[in-house]
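Note that full-length UniProt numbering has the sequence shown beginning at 95, numbered continuously upward.
No residue lacks a Cβ here, since even glycine has one placed at the ideal position from N, Cα and C.
Worksheet: the structure to be examined is printed underneath.
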Amino acid sequence: ARKKPSAARGLRFAPVPPNTADTVTVPEGYRQNVVIRWGDPILRGAPAFDPERQSATAQAGQFGYNCDFLALLPLKGERGRQLLVANHEYTNEILMFRGYDSENPTREQVEISWAAHGLSVVVVEEDRGSGRLTPVPRHPLNRRLTATTEFRLTGPVAGSDLVRTSADPGGTRVLGTLNNCAGGTTPWGTTLHGEENFNQYFANGSRATDRRYGVGSGSTERKWERFDKRFDLAQEPNEVHRFGYVVELDPYDPTSTPRKHTALGRFKHEGATVRLTHDGRPVVYSGDDERFEYFYKFVGSKRMRHGTSRSAREHNLTLLDEGTLYVARLTGDSPALEIDGSGRLPEDGEFDGSGEWIPLATATADGAVSHVEGMTAEEVFVFTRLAADKVGATKMDRPEDVEPNPVTGKVYVALTNNSRRGVDSNPAADEANPRNANKHGHVLELTERWNRPESTRFAWSLFLVAGDPKDPSTYFAGFPKDSVSPISCPDNVAFDAHGNLWIATDGNALGSHDGLFGVATRGDRRGELRQFLTVPRGAETCGPVIQDRRVLIAVQHPGEVDGASVERPASTWPDGPGTYTRPAVVAVWRADGGAIGV
Ligand code: FEO
Ligand code: CA
Ligand code: CA
Ligand code: CA
Numbered sequence: 095a096r097k098k099p100s101a102a103r104g105l106r107f108a109p110v111p112p113n114t115a116d117t118v119t120v121p122e123g124y125r126q127n128v129v130i131r132w133g134d135p136i137l138r139g140a141p142a143f144d145p146e147r148q149s150a151t152a153q154a155g156q157f158g159y160n161c162d163f164l165a166l167l168p169l170k171g172e173r174g175r176q177l178l179v180a181n182h183e184y185t186n187e188i189l190m191f192r193g194y195d196s197e198n199p200t201r202e203q204v205e206i207s208w209a210a211h212g213l214s215v216v217v218v219e220e221d222r223g224s225g226r227l228t229p230v231p232r233h234p235l236n237r238r239l240t241a242t243t244e245f246r247l248t249g250p251v252a253g254s255d256l257v258r259t260s261a262d263p264g265g266t267r268v269l270g271t272l273n274n275c276a277g278g279t280t281p282w283g284t285t286l287h288g289e290e291n292f293n294q295y296f297a298n299g300s301r302a303t304d305r306r307y308g309v310g311s312g313s314t315e316r317k318w319e320r321f322d323k324r325f326d327l328a329q330e331p332n333e334v335h336r337f338g339y340v341v342e343l344d345p346y347d348p349t350s351t352p353r354k355h356t357a358l359g360r361f362k363h364e365g366a367t368v369r370l371t372h373d374g375r376p377v378v379y380s381g382d383d384e385r386f387e388y389f390y391k392f393v394g395s396k397r398m399r400h401g402t403s404r405s406a407r408e409h410n411l412t413l414l415d416e417g418t419l420y421v422a423r424l425t426g427d428s429p430a431l432e433i434d435g436s437g438r439l440p441e442d443g444e445f446d447g448s449g450e451w452i453p454l455a456t457a458t459a460d461g462a463v464s465h466v467e468g469m470t471a472e473e474v475f476v477f478t479r480l481a482a483d484k485v486g487a488t489k490m491d492r493p494e495d496v497e498p499n500p501v502t503g504k505v506y507v508a509l510t511n512n513s514r515r516g517v518d519s520n521p522a523a524d525e526a527n528p529r530n531a532n533k534h535g536h537v538l539e540l541t542e543r544w545n546r547p548e549s550t551r552f553a554w555s556l557f558l559v560a561g562d563p564k565d566p567s568t569y570f571a572g573f574p575k576d577s578v579s580p581i582s583c584p585d586n587v588a589f590d591a592h593g594n595l596w597i598a599t600d601g602n603a604l605g606s607h608d609g610l611f612g613v614a615t616r617g618d619r620r621g622e623l624r625q626f627l628t629v630p631r632g633a634e635t636c637g638p639v640i641q642d643r644r645v646l647i648a649v650q651h652p653g654e655v656d657g658a659s660v661e662r663p664a665s666t667w668p669d670g671p672g673t674y675t676r677p678a679v680v681a682v683w684r685a686d687g688g689a690i691g692v
């Protein structure tokens, strides 16, 4: 008789045990390489990385810092090559500059940091006979977008009084994108990038709306406001209203001006992921990553055009400008019950319930309409958090990636953690966020009514409650807990072709390093979670891309540990002792060339 397979198809590898090795650890029989690191030159004329003599001009032609979201897109006509798009979420100057004086950064250091933010587009090439990927420097599609690149504001807020500044009286041209965390790839061949913790770049906030978004009232840690007045709200009060959007990039057109789509609302967008309705309209999910914040859905009203003609591509770049923005409200179906040490389940045996998408505002070609009493449509799109407060949306435990499974249509919401849940006067556990002082986070599974992306009603249940499986408050979709990997702080998610959910973690609270995990979402192995890799000291795992024969991850902020600096590095990854720690992208493949996990 045939031996019963050891795991679900796509997840048949020997799980990597939790560890604290200062390296990327992959399963037995798998290989890896560093594809590209902070500072590697990608544009024509960019010099090799020399951290002791770094300049803003050099950095603007080199791969940026702290890579997060990754997309790998097809490149027709160039064999063995793909287009890599990466987010550079933020900079950590203490690990970038020797002798950095955080009270007195120099103009050059600040300008290097501006150039190390943003996005990279770089063609990568596969070694024949292995899964190794290497960059193709100076390829004409390679591109850097930074904190000073021109972007276009589109949608209902473009040109509004709320976004006009002295440098841009028309309110449509913004310099730069900041804190791009996760993102998504659209069915029309572009990429989406979420501007997340933009508040930290702006000084001297004073309005209630600034406070609601966490903009501080004094100077910033980075002190950028000393070098460009647009980062000082006392001088340019509207500049901050031009960040916190979903950015769309056409990576196939290096001359294109990327867009900030205001119809998707303004909040700390973790990312943005797209699916299509049966009649071809885009639906975009996005989480607002902060404790007790919400998650959202945008349903577009225009249909995607197929093909790669210029007119089709131009049309598709306007798809996210018209439609309705919704926020989620979840209702449990059992009497309130906190998951506690006893491992008790609710009366009906499941943490589950129903939900509705509450409309906030609709953008049309003829203007926008608010669905929130006391707020104009423009206010809803700029101060989206306040609109969601008013309609009674459900406060979640830090919504990170919200992503539909392309195989089943079910939507997964990674809720990374919330140590403040039920603490002091903060909201207590509810059926959708069932653990007080939630250190390890959980993952929600959501089914749109009739499995239609545009439905305004849905059902939900908890798919995973993270932690050490020996902890009775953990839950792995009902799978026996003696054979699953421990997991903590789910953040980015992705799917493989089998419909398995892959989860990257950020901030492991179990004492081992962050990593990447795969878990079956259906069949008799549903809930069987297995760890695929771990990352170096201080790093989080980001941007997973799961292809048939390759897994790609971003190792973000390796060596970011309290007290670490260039002089006292906490990690020697990836280049070894005596070198700067460098955030980097890693490819993993099977040594025998086979498909991942089969
Ligand atoms: Fe940048 Fe929500 O992680
Ligand atoms: Ca229930
Ligand atoms: Ca993230
Ligand atoms: Ca995170």
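**Study point:** Cβ-based burial, Lys354 [other Cβ within 10 Å; buried from 16]
**Key:** Your numbering for residue 354 matches position 260 in the sequence shown. Result: buried.
Review point. If we count the other Cβ atoms within 10 Å of its Cβ and call it buried at 16 or more, is Lys362 buried or exposed?
Key: Residue 362 sits at position 268 when you count from the first residue of the sequence shown. Around the beta carbon of Lys362, a 10 Å sphere encloses 16 or more other beta carbons of the protein chains shown; the residue is thus reported as buried.
Practice item. Report the rounded CA-to-CA distance for Gly310 versus Gly104, giving the unit in angstroms. Key: Taking the sequence shown and counting its residues from 1, the one referred to as residue 310 is at position 216. Taking the sequence shown and counting its residues from 1, the one referred to as residue 104 is at position 10. Taking the straight line from one Cα to the other gives about 46 Å.
Exercise for review: Could you tell me which of Gln641, Val501, Ala560, Thr119 sits nearest to Gly225, measuring between CA atoms?
Suggested key: Stepping through the sequence shown from its first residue, residue 225 is reached at position 131. Comparing Cα positions, the closest option is Gln641.
Exercise for review: Locate the alpha helix (DSSP H) running through Asp373, then write down its first and last residues.
Suggested key: Residue mapping note: residue 373 aligns to position 279 of the sequence shown, counting from 1. Per DSSP, Asp373 belongs to no alpha helix (DSSP H) and is neither H nor E.
**Study point:** Residue range of the beta strand (DSSP E) that includes Val216
**Key:** Along the sequence shown, one-based indexing puts residue 216 at 122. First-last of the beta strand (DSSP E) with Val216: 212 to 220.
Check your understanding: Between Val501, Lys484, Val649, which lies nearest to His592 when the distance is taken from Cα to Cα?
Key -> Sequence index remark: in the sequence shown, residue 592 carries index 498 (1-based). Check the Cα spacing between His592 and each of Val501, Lys484, Val649: the tightest is with Val501.
Check your understanding: Sorted by chain position, which residues of the same chain lie with C-beta nearer than 6 Å to Pro498's C-beta, five sequence neighbours on each side aside?
Key -> One-based indexing of the sequence shown puts residue 498 at position 404. So the list reads Arg369, Val505, once near-sequence residues are dropped.
Review point. For Asn273, which residues from the same chain have a beta carbon less than 7 Å from its beta carbon, with the 5 sequence-adjacent residues on both sides left out?
Key: Numbered from its first residue, the sequence shown carries residue 273 at position 179. Excluding the 5 residues flanking it on each side, Asn273 has same chain C-beta neighbours closer than 7 Å at Glu183, Tyr184, Glu289, Glu290, Asn291, Phe292, in chain order.
Check your understanding: Counting along the chain, where does the beta strand (DSSP E) carrying Ile640 start and finish?
Key -> As a first step, residue 640 is located in the sequence shown; it is residue number 546 there, counting from the start. In the DSSP assignment, Ile640 falls within the unbroken beta strand (DSSP E) covering 634 to 640.
Exercise for review: Within the same chain, show all residues whose beta-carbon is closer than 7 Å to that of Ala571, passing over the 5 residues directly before and after it, in chain order.
Suggested key: Within the sequence shown, numbered from 1, the residue matching residue 571 stands at position 477. Excluding its 5 nearest sequence neighbours in each direction, Ala571 has C-beta neighbours in its own chain below 7 Å: Phe557, Leu558, Arg620, Gly621, listed in chain order.
Review point. How would you label Trp544, buried or exposed, when you count the other beta carbons within 10 angstroms and need 16 or more for buried?
Key: Counted from its first residue, the sequence shown places residue 544 at position 450. Of the residues assessed, Trp544 falls on the exposed side of the cut-off, its CB having fewer than 16 other CB atoms within 10 angstroms.
Practice item. Name the residue from Lys564, Ser207, His233 whose alpha carbon lies nearest to the alpha carbon of residue 693. Key: Any property of residue 693 remains undetermined from this structure, which presents the chain solely from 95 to 692.
Check your understanding: So, helix, strand or coil for Arg624, using DSSP?
Key -> Sequence index remark: in the sequence shown, residue 624 carries index 530 (1-based). Look at Arg624 here: in three-state DSSP terms it is strand.
Check your understanding: In chain order, what residues place their C-beta within less than 6 Å of a heavy atom belonging to ligand 4?
Key -> Having a Cβ closer than 6 Å to some heavy atom of ligand 4 are Glu494, Thr510, Asp585, Asp600.
Exercise for review: Using a threshold of 9 Å, state whether the C-beta atoms of Thr271 and His211 are closer than that.
Suggested key: Against the sequence shown, residue 271 aligns to sequence position 177. Against the sequence shown, residue 211 aligns to sequence position 117. Yes, the pair counts as a contact, with Cβ atoms nearer than the cut-off.
Check your understanding: For the candidate residues Val660, Trp596, Pro663, Asp618, whose alpha-carbon lies nearest to that of Thr635?
Key -> The residue given as residue 635 occupies position 541 in the sequence shown. Ranked by Cα distance from Thr635, the first of Val660, Trp596, Pro663, Asp618 is Trp596.
Practice item. Would you check if the distance between the CB atom of Leu227 and the CB atom of Glu342 is smaller than 9 Å? Key: As a position in the sequence shown, residue 227 is number 133, starting the count at 1. As a position in the sequence shown, residue 342 is number 248, starting the count at 1. It is not a contact, given that the beta carbons lie outside the stated cut-off.
Practice item. Have a look at Ser214 and Leu164 and give me their C-alpha separation to the nearest angstrom. Key: Position 120 of the sequence shown, counted from the first residue, corresponds to residue 214. Position 70 of the sequence shown, counted from the first residue, corresponds to residue 164. In a straight line, the C-alpha of Ser214 is about 10 Å away from that of Leu164.
Review point. Looking at C-beta atoms only, is the number of pairs between the region 465 to 480 and the region 369 to 379 that lie closer than 8 Å three or more?
Key: As far as the Cβ criterion goes, the region 465 to 480 does not touch the region 369 to 379, which means the pair count is below three.
Exercise for review: For the beta strand (DSSP E) containing Ser448, list its first residue and its last residue.
Suggested key: Counting from one through the sequence shown, the residue named residue 448 turns up at place 354. Counting along the chain, the beta strand (DSSP E) containing Ser448 begins and ends at 446 to 458.
**Study point:** Pairwise C-alpha distance: Ala241 and Arg643
**Key:** What you label residue 643 is simply residue 549 of the sequence shown in a count that begins at 1. What you label residue 241 is simply residue 147 of the sequence shown in a count that begins at 1. In a straight line, the C-alpha of Arg643 is about 35 Å away from that of Ala241.
Review point. Where DSSP assigns a beta bridge to Thr599, which residues make up the other side?
Key: Residue mapping note: residue 599 aligns to position 505 of the sequence shown, counting from 1. Per DSSP, Pro584.
Review point. What did DSSP end up calling His335 once you bin it into helix, strand or coil?
Key: Here residue 335 refers to the residue found at position 241 of the sequence shown. Helix at His335.
Practice item. Return helix, strand or coil for Arg175, following the three-state DSSP convention. Key: Within the sequence shown, residue 175 is the residue found at index 81, counting from 1. In this structure, Arg175 counts as strand in the three-state DSSP scheme.
Check your understanding: For ligand 1, any of its heavy atoms closer than 8 Å to the Cβ of Asp608?
Key -> The count along the sequence shown starts at 1 and reaches residue 608 at position 514. Relative to ligand 1, even the nearest heavy atom lies 8 Å or more away from the CB of Asp608.
Practice item. Look at the Cβ atom of Arg662, then the Cβ atom of Trp132, and state whether they are nearer than 9 Å. Key: Mapped onto the sequence shown, residue 662 falls at position 568. Mapped onto the sequence shown, residue 132 falls at position 38. Taking 9 Å as the Cβ cut-off, Arg662 and Trp132 do not qualify as a contacting pair.
Point to revise | Stretch pair the region 419 to 426 + the region 483 to 490: three plus CB contacts closer than 8 Å | key: Yes, the region 419 to 426 is in contact with the region 483 to 490.
Point to revise | Within 9 Å, strictly: CB atoms of Leu604 and Leu627 | key: By one-based count along the sequence shown, residue 604 stands at place 510. By one-based count along the sequence shown, residue 627 stands at place 533. No, these two residues do not count as a Cβ contact at 9 Å.
Review point. Are Glu364 and Glu542 closer than 9 Å when you measure CB to CB?
Key: The residue given as residue 364 occupies position 270 in the sequence shown. The residue given as residue 542 occupies position 448 in the sequence shown. No, the pair does not count as a contact, with Cβ atoms beyond the cut-off.
Review point. From the DSSP output, which residues share a beta bridge with Met469?
Key: On the sequence shown, residue 469 is found 375 positions in, with the first residue counted as 1. DSSP output for Met469 lists no bridge partner at all.
**Study point:** Under the three-state DSSP convention, the category Ala508 falls into
**Key:** Taking the first residue of the sequence shown as position 1, residue 508 is located at position 414. Look at Ala508 here: in three-state DSSP terms it is strand.
Point to revise | Delimiting residues of the alpha helix (DSSP H) encompassing Gln153 | key: The residue you call residue 153 lines up with position 59 of the sequence shown. For Gln153, the uninterrupted alpha helix (DSSP H) segment begins and ends at 150 to 153.
Practice item. Take every Cβ of the region 503 to 517, pair it with every Cβ of the region 393 to 403, and state whether three or more of those distances are shorter than 8 Å. Key: Using a Cβ-Cβ distance cut-off of 8 Å, the region 503 to 517 and the region 393 to 403 are not in contact, since fewer than three pairs of beta carbons, one from each stretch, lie closer than that value.
Practice item. Flag Asp415 as yes when its Cβ comes closer than 8 Å to any non-hydrogen atom of ligand 1, and as no otherwise. Key: Taking the sequence shown and counting its residues from 1, the one referred to as residue 415 is at position 321. No.
Review point. According to the neighbour-count rule (16 or more other Cβ atoms, all chains shown, within 10 Å of its Cβ), is His400 buried or exposed?
Key: Against the sequence shown, residue 400 aligns to sequence position 306. Looking at its Cβ environment, which holds fewer than 16 other Cβ atoms inside 10 Å, His400 is exposed.
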